[in-house]
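If you read the sequences in order, they're chains A and B. Residues in the first sequence are numbered from 22 upward in steps of one, following our numbering. Residues in the second sequence are numbered from 300 upward in steps of one, following our numbering. A short worksheet on the structure shown next.
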Amino acid sequence: MQPGPKVLAYFLGNENLPITDTLLASWLLVILLILFAYILKKRLKIVPGRIQAAVEIILAFVESQIESMLPGEGRKFLPFIGTIFIFVGVSTVFGLIPGLVNPTGDINTTLGMALMVFLYSQYLGIKRKGVGTYIKGFFEPIFLMFPMNVLGELAKPISHSFRLFGNVVGGGIIITLLYQFFPWFIPVPLHFWFDIFSAFIQVLIFGMIAISYISVAISD
Amino acid sequence: MDFSPEFLDAIMKAAAYLGAGIGMIAGLGPGIGQGYAAGKGAEAVGRQPEARAEIMSTMLLGQAVAETTGIYSFVIALILIFVV
Numbered sequence: 022m023q024p025g026p027k028v029l030a031y032f033l034g035n036e037n038l039p040i041t042d043t044l045l046a047s048w049l050l051v052i053l054l055i056l057f058a059y060i061l062k063k064r065l066k067i068v069p070g071r072i073q074a075a076v077e078i079i080l081a082f083v084e085s086q087i088e089s090m091l092p093g094e095g096r097k098f099l100p101f102i103g104t105i106f107i108f109v110g111v112s113t114v115f116g117l118i119p120g121l122v123n124p125t126g127d128i129n130t131t132l133g134m135a136l137m138v139f140l141y142s143q144y145l146g147i148k149r150k151g152v153g154t155y156i157k158g159f160f161e162p163i164f165l166m167f168p169m170n171v172l173g174e175l176a177k178p179i180s181h182s183f184r185l186f187g188n189v190v191g192g193g194i195i196i197t198l199l200y201q202f203f204p205w206f207i208p209v210p211l212h213f214w215f216d217i218f219s220a221f222i223q224v225l226i227f228g229m230i231a232i233s234y235i236s237v238a239i240s241d
Numbered sequence: 300m301d302f303s304p305e306f307l308d309a310i311m312k313a314a315a316y317l318g319a320g321i322g323m324i325a326g327l328g329p330g331i332g333q334g335y336a337a338g339k340g341a342e343a344v345g346r347q348p349e350a351r352a353e354i355m356s357t358m359l360l361g362q363a364v365a366e367t368t369g370i371y372s373f374v375i376a377l378i379l380i381f382v383v
């Protein structure tokens, strides 16, 4: 038993560019989401249908979460944070479909998103506070704390990405072990716990922490 | 004394598996932390039942953040088992 992404082929035969199943799953997810958004955009109505109402509920929820930490800027950050919520949320559902894998079970996917949040929050910090105040923030409260502040800042994307990755992979390993003991029926309820309840809480956490990193970067 | 490469490899594997097991003792910390948060959450709901939804979401967020150290040790154990 080898957890984690499986290498299916090599891009142009180059050993350094493996094509994994998680990579294919995330590309499929991106294409499906773009198609879905395109079709939904063509049929937008004043009186929403079922699918439009569901999407509106999700987006209103994400916006209210942003508003609770960044008052008055929910609409501005909705595209970025909403994309993270939708991508990670739908990729959780992907893990339940036989033959597909959860793209967030790969450290590269989660680290990519965490680095994006990290760079965006640093950019916003520089833009809102100005370069001088931004650099001065690293020397608070006294200049001796500079290495600690830099390390603390660099640890953010690591903890952010490992949390989601570890939860997804850990649940997957426990379920795989159980399938070796009881191949039928008994592991099925565990999917509800690990792949639905626990995973959706982690999606919420991932998004909330992205919001809180941005709010920490642009405030104070 | 010199040992054969197979012997050294076996010792290294054994040490890695032992290290993975010992490292997962860190699972104690998140367990205690999450239980403490859940107990405080139950207390808060008992005091203010009308704020149940707010307390639940705050508690779950805090518990998920408290889980981080356990996840670190889990990732290290994974590396020790499958990579070393």
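Note that beta-carbon positions come from the ideal geometry of N, C-alpha and C, so glycine has one too.
Residue i versus residue j - alpha carbon distance
i	j	result
Pro162/A	Gln201/A	54 Å
Gly192/A	Phe218/A	11 Å
Ser240/A	Arg71/A	39 Å
Met229/A	Thr125/A	17 Å
Ala350/B	Gln362/B	18 Å
Gly220/A	Asn188/A	Looking at the sequence provided, one finds Ala at residue 220/A rather than Gly. Their Cα atoms are separated by approximately 8 Å.
Phe227/A	Ala376/B	23 Å
Leu54/A	Phe306/B	53 Å
Phe167/A	Gly328/B	29 Å
Ser236/A	Leu33/A	42 Å
Lys148/A	Tyr141/A	10 Å
Leu38/A	Tyr31/A	6 Å
Gln143/A	Phe381/B	35 Å
Test: residue i CB closer than 7 Å to a CB of chain B
i	result
Phe183/A	yes
Ser112/A	no
Gly191/A	yes
Cβ-based burial, residue i [other Cβ within 10 Å; buried from 16]
i	result
Pro204/A	exposed
Gln223/A	buried
Met311/B	exposed
Gln347/B	exposed
Ala75/A	exposed
Arg96/A	exposed
Residue i at chain A interface by Cβ criterion, 7 Å
i	result
Ala363/B	yes
Val382/B	no
| field | Residues within the segment 193-224 of chain A neighbouring chain B, beta-carbon criterion of under 9 Å | value | Listed by position along the chain: Ile194, Ile222 and Gln223.
| task | Spell out a yes or no on whether the segment 166-176 of chain A and the segment 314-331 of chain B are touching, meaning 3 or more CB-CB pairs, one atom from each, closer than 8 Å. | result | With a cut-off of 8 Å, the segment 314-331 of chain B and the segment 166-176 of chain A do not count as touching, because too few Cβ pairs lie within range.
| message | Closer than 8 Å is the cut-off here; do at least three beta carbon pairs connect the segment 41-50 of chain A with the segment 118-138 of chain A? | response | As far as the Cβ criterion goes, the segment 41-50 of chain A touches the segment 118-138 of chain A, which means the pair count is three or higher.
| said: Does the contact criterion of 3 or more C-beta pairs under 8 Å hold for the segment 133-152 of chain A versus the segment 312-320 of chain B? | reply: They do not touch, by the three-pair rule.
| message | Count Cβ pairs between the segment 77-85 of chain A and the segment 153-169 of chain A that sit closer than 8 Å; are there 3 or more? | response | Judged by Cβ distances under 8 Å, the segment 77-85 of chain A makes no contact with the segment 153-169 of chain A, as fewer than three pairs qualify.
| message | Assess contact between the segment 362-371 of chain B and the segment 326-335 of chain B, defined as three or more Cβ pairs (one per stretch) separated by less than 8 Å. Is contact present? | response | Three or more beta-carbon pairs separated by less than 8 Å link the segment 362-371 of chain B to the segment 326-335 of chain B, which places the two stretches in contact.
| query | Which residues, in order along the segment 87-105 of chain A, keep a beta-carbon less than 8 Å from a beta-carbon of chain B? | reply | Listed in sequence order: no entries.
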